[in-house]
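Structure record follows, encoded as C-alpha cells.
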Amino acid sequence: MALKSTIYKADCQIVDIDRGYYQPHSLTIALHPSETEERMMVRLLAFVINAHEHLQFSKGLSSEDEPDIWQKNLTDDIELWIDVGMPDEKRIRKASNRAEKVIIYSYGGRNMVWWKQIEPKLKRFTNVTVINLPKAATDELSQLTKRAMQLNINLQDGQIWISDDQHTAHIEPEIWLNY
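For what it's worth, the working numbering labels the leading residue of the sequence shown as 2, then goes sequentially.
Printed below as a string of C-alpha cells:
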C-alpha cells in the first residue's frame, strides 16, 4: 500500500514592501512521503516570496511534468515555473521552454557542487533565475513547521522574516543567477 501525503495548513499574512503586496493566503500544503519538512517549508517560502492571486502549488513530486509551484494565465500559459532543489539541465531546459519565467530555489548546504556543474550550462537561458537559501536560514525556517501554522511574513530590501507565536526565521536569499 502506497504512503499518503501528510496535509499541512498555513495561514500566511504577507507584507511584501518590496513589491507592494499585502495579502493573506490560506494555503494547504501536501507533504509528499518522500519529501522532508525542510523541503516543504522551502516550497512555502518560495510561494510567499512570489505570492500572487494566480500562484498555486502543483502536483510537484507526484508529476515530472509540473513544477513545485506555478502561475498560469487565463489561457493556461505558464507565466512562472518554480522548482525547489537541484534540478538537472534537462528539467531546467524543459521549464525554460514552457514558461515565461523560471525560478529555482536551491537549499540544503550541499548545493554548491550542483551549482558549479550547472552554472555554465544556464548562461544560454534568458528566463532562468537561481536563488540559494543558506542552510542556517532553512534550519530556522524548519523550526516553524506545524500541521497548522499561523505565519506573519515580512519581505523588505531582499530580506525575509517569517514568524509564528514562538519562533522567527530571518532569511537572506542569495541570487546566484538573475536573467
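Just so you know, even glycine gets a beta-carbon here, dropped at the ideal spot from N, CA and C.
In this text the structure is predicted, and so the values were computed from the model without any measurement.
For Thr169 and Glu39, I'd like the C-alpha separation in whole angstroms. 15 Å
Contact check, Ile154 vs Ile15 under 8 Å by CB: the rounded distance? 5 Å
At what residues does the alpha helix (DSSP H) containing Phe48 begin and finish? Glu38 to Ile50
DSSP bridge partner residues for Tyr180 (one or two, in chain order): According to DSSP, which records beta bridges pairwise, Tyr180 is partnered with nothing at all.
In its own chain, which residues sit with a C-beta less than 8 Å from the C-beta of Ala47, not counting the 5 before and 5 after it? Asp69, Ile70, Ile83, Val85, Ile104 and Tyr106
When Glu120, Asp12 and Leu4 are compared against His33, the one with the closest alpha-carbon: Leu4
Rounded distance between the beta-carbons of Ile132 and Pro174, thought under 8 Å: 5 Å
According to the Cβ coordinates, are Glu67 and Asn74 closer than 7 Å? no
Throw me the rounded Cβ distance for the Ala11 and Leu152 pair, which I believe falls under 8 Å. 6 Å
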